[in-house]
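Reviewing the structure listed below.
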Amino acid sequence: MMPLIRPKHFFRVAGHDEGFMPLNAFDHALLQAGIGDTNLVRMSSILPPHATEITPITLPAGALIPVAYAAVESSTPGETIAAAVAVAIPKDHSLPGLIMEHHGVGTAEEIEKTVRLMGQKGFEHRKRELLEIRSISSEHTVIKNGACFAGIVLWDNA
Amino acid sequence: MMPLIRPKHFFRVAGHDEGFMPLNAFDHALLQAGIGDTNLVRMSSILPPHATEITPITLPAGALIPVAYAAVESSTPGETIAAAVAVAIPKDHSLPGLIMEHHGVGTAEEIEKTVRLMGQKGFEHRKRELLEIRSISSEHTVIKNGACFAGIVLWDNA
Amino acid sequence: MMPLIRPKHFFRVAGHDEGFMPLNAFDHALLQAGIGDTNLVRMSSILPPHATEITPITLPAGALIPVAYAAVESSTPGETIAAAVAVAIPKDHSLPGLIMEHHGVGTAEEIEKTVRLMGQKGFEHRKRELLEIRSISSEHTVIKNGACFAGIVLWDNA
């Protein structure tokens, strides 16, 4: 049997950090984002109908958590990297929203501006009326190995 | 508790499109394939025993959906890209089948021919008797940012 | 409804092989690791609290299986590649452990040494007392298309 999973809540998180290796930097960025010590299952990238935003909660350690996220790692000292996600929320809450991810070399402001526009364009393509776009980003200037993370966590046991 | 998830049905989908950014093109390709507005959870790549093919259904918006897929994006104007998946189906339906993915620069015909051969080779390696191979593909010639998608959706509530 | 999934057991697997195409090599490496013919759902990378190691079991064919893994493919004849995973296990079993993945050109010994250090560094960063690190790796010298796989499978129906 396949359970039908359509989470009812979401929250935004972002973090950045250095680490021994790029994957350590990613792990530290997750901890800094407040969702370390969980098992992220990456998915593409829809806000279920009627889902509402909650303030970030402490997730159960080691649980499998569906998340749409942007991440970037760099080992180029002095380079500024950023990751951002945006949620386009429909006027009609019985319709799904759209999550977009973007990352790259650049500032959080630049990357977040682009990801918001990506969400807007996705709604225009669907001819779906947009209520608003909510976003979050992180930025990091690399010392040795750096990582940025930004994600939308889906959750329904809140 | 971890639910044991072994879907009983599958269907084939494919699509391609342009978009504002490569991820928008991917999002549009999913919509064109008929599985937009869902949360794809990517998996590697087995057809559960006894699973049968159904005609594509409208999936519940925002639900988490297991899918094996090939995808390719390109921002090189004029370039032709393609994505294809194949399902190798065993003669003995109590055995699992094999899903293969392939993508690249090339025509749908070329990419789909290769992915079918990949499925065949996977069965030869297993010394498993092959009933048939079913496949699907999409092809796109890039204008600005293009994407192709082809996938096998697993489903069991049909 | 979203089931809260926190598996209670884990086991280590690794394999390597050649194949017709790189994805075939990966598929063969999974078979060689004893977890072929399942649907791996990749996740990042935490050992749930109280999870205990079991000897590898035969997984149900076609089931969706959460796994943290390292994989590497190469089509450069003569090149030696390796993949390794490590689990850092806490002294206090009510706390989560940490799974790290690493892969690259090199020997299994080199790659596994690095991934074990990555696990140790992750615990130092968390100021969490380490009981021990357990790891597994595979190594392959490429003939035509080769792949290495090493993974930590989470499981709770044992």
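Chains as they are written, first to last, in the working numbering: chain A, 1 to 158; chain B, 1001 to 1158; chain C, 2001 to 2158.
We put the CB at the ideal spot given by N, CA and C, even for glycine.
- It is roughly 21 Å from the alpha-carbon of B/ILE1133 to the alpha-carbon of B/ARG1042.
- With contact defined as three or more Cβ pairs closer than 8 Å, the segment 99-115 of chain A and the segment 123-139 of chain A are in contact.
- Looking at B/ILE1065, B/GLY1097, B/GLU1112 and B/LEU1059, the one whose alpha-carbon comes closest to that of B/VAL1085 is B/GLU1112.
- Considered as a whole, the segment 1028-1102 of chain B harbours 1039-1042, 1064-1074 and 1080-1090 as its complete beta strand (DSSP E) runs of no fewer than 3 residues, in chain order.
- From the listed residues A/LEU59, A/PRO49 and A/ALA51, the smallest Cα separation to A/LEU40 is found for A/LEU59.
- The shortest C-alpha to C-alpha distance from B/ALA1014 to any of B/TRP1155, B/ALA1029 and B/ARG1006 is the one to B/ALA1029.
- Neighbours of B/THR1038 in chain A, taken as residues at a C-beta separation under 7 Å, are given in chain order as ILE46.
- LEU1064, PRO1066 and ALA1068: these are the residues of the segment 1056-1074 of chain B whose beta carbon lies less than 9 Å from some beta carbon of chain C, given in chain order.
- Interface with chain B (8 Å Cβ-Cβ cutoff): C/PHE2020 is included.
- Around C/ASN2024, the beta-carbon contacts reaching into chain B at under 9 Å are MET1100, MET1118, LYS1121, GLY1122 and HIS1125.
- Residue range 108-126 is occupied by the alpha helix (DSSP H) that includes A/ILE111.
- Between C/ILE2152 and C/ARG2012, the C-beta spacing is below 8 Å.
- The C-beta of B/GLY1078 has fewer than 16 other C-beta atoms within 10 Å across all chains shown, which makes the residue exposed.
- Setting aside the 5 residues that flank it on each side, B/ASP1037 is surrounded in the same chain by ALA1061, each with a C-beta closer than 6 Å to its C-beta; the list follows chain order.
- With respect to B/LEU1098, B/ALA1083 sits apart: the two C-beta atoms are not nearer than 8 Å.
- For B/HIS1103, not one C-beta of chain A is nearer than 8 Å to its own C-beta.
- Counting of Cβ neighbours within 10 angstroms places B/LYS1121 among the buried residues, the total reaching 16 or more.
- Rounded to the nearest angstrom, the gap between the Cα atoms of C/GLU2053 and B/SER1094 is 30 Å.
- Among the bridge pairs identified by DSSP, A/ALA147 is matched with A/ASP17 and A/GLU73.
- Excluding residues up to 5 positions away in sequence, ASN1145 lie with their Cβ nearer than 6 Å to the Cβ of B/SER1075 in the same chain.
- By the CB criterion at 8 Å, C/ALA2147 and C/PHE2026 fall inside the cutoff.
- Contact annotation for C/VAL2041 against chain A: VAL41 [CB-CB distance below 7 Å, chain order].
- Taking CB atoms only, C/HIS2028 has a neighbour in chain B less than 8 Å away.
- Per DSSP, the continuous beta strand (DSSP E) segment holding A/ILE133 begins and ends at 130-141.
- Between A/PRO22 and A/GLU73, the CB-CB gap stays under 8 Å.
- For A/LEU64 and C/LEU2004, the gap between their C-alpha atoms comes out near 7 Å.
- Listed as beta-bridge partners of C/PHE2011 by DSSP are C/VAL2153.
- Looking from the CA of C/LYS2008, the closest CA among C/PRO2048, C/PRO2090, C/ILE2081 and C/VAL2067 belongs to C/PRO2048.
- B/ALA1071 sits close to B/HIS1103, with the two beta carbons spaced by under 8 Å.
- A/THR55 counts as exposed, since fewer than 16 other beta carbons sit within 10 angstroms of its beta carbon.
- Sequence-ordered contacts of the segment 2128-2158 of chain C with chain A are nonexistent [C-beta pairs closer than 7 Å].
- B/LEU1117 is not a Cβ neighbour of B/LYS1091, given a cutoff of 8 Å.
- A residue is called buried once 16 or more other Cβ atoms fall within 10 Å of its Cβ, and B/HIS1050, having fewer, is exposed.
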